[in-house]
Structure formats: structure tokens, C-alpha cells
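Per the working numbering: the sequence shown = residues 392 to 471.
Yeah, the Cβ is synthetic: ideal placement off N, Cα and C, and Gly gets one too.
Below you'll find the structure, written out as C-alpha cells, and then a few comments.
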Amino acid sequence: GLALFYAGLVRAKNALSVLAHVFYAVCIVSLIWVIYGYSLTFTGGTFIGGFDKIFLKGVTLETLAATFTVGVNITELIYI
Numbered sequence: 392g393l394a395l396f397y398a399g400l401v402r403a404k405n406a407l408s409v410l411a412h413v414f415y416a417v418c419i420v421s422l423i424w425v426i427y428g429y430s431l432t433f434t435g436g437t438f439i440g441g442f443d444k445i446f447l448k449g450v451t452l453e454t455l456a457a458t459f460t461v462g463v464n465i466t467e468l469i470y471i
């Protein structure tokens with residue numbers, strides 16, 4: 392949606408370039424999230440989490456995420 396919005400703001404000859412830039416940005420942000428963003432967000436720490444799960448170390452289908460409701464278990468892979 393955002394890529395199409397940005398493409399509509401430029402001339403037709405530059406629309407493909409804008410779409411590619413948005414695609415590259417999404418790819419880079421996704422890689423950063425997998426490399427260390429998830430670890431900084433979801434591991435223990437007072438302000439910022441640690442690097443315990445850097446590169447998704449230890450995250451499998453069997454690992455469960457913390458939930459507020461007792462008895463509700465969801466896999467950690469939902470957040471990736």
C-alpha cells in the first residue's frame with residue numbers, strides 16, 4: 392500500500408524505482424528484525440532486552456511466548 396502511494400506521488404517513469412526502493416527498505420528492516428530486533432524487544436531487561444536470542448537463537452515451534460491469560464499458549468514464531 393505504501394509503495395503504491397509513493398509511486399503515485401512521482402512521475403510515471405520513476406514509479407518502478409520508487410516501488411523497488413520501498414521493497415528494498417522492507418527487506419532490510421526484516422533482516423534487522425531477525426538479526427537483533429527480536430532479541431532486543433522480547434528478552435529480559437529493565438529498559439532494553441539483551442542479546443540472548445540474537446539471530447533467533449533458541450526460537451523454535453516448541454518455545455512459547457509469555458501471555459497475560461493463564462492457560463493460553465502461543466508459539467514465539469508468531470512475533471517474527
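{"Query": "Count Cβ pairs between the stretch 412-429 and the stretch 442-454 that sit closer than 8 angstroms; are there 3 or more?", "Result": "yes"}
{"Query": "Cα separation between L407 and C418?", "Result": "17 angstroms"}
{"Query": "Roughly how many angstroms separate the alpha carbons of A456 and I471, rounded to a whole number?", "Result": "12 angstroms"}
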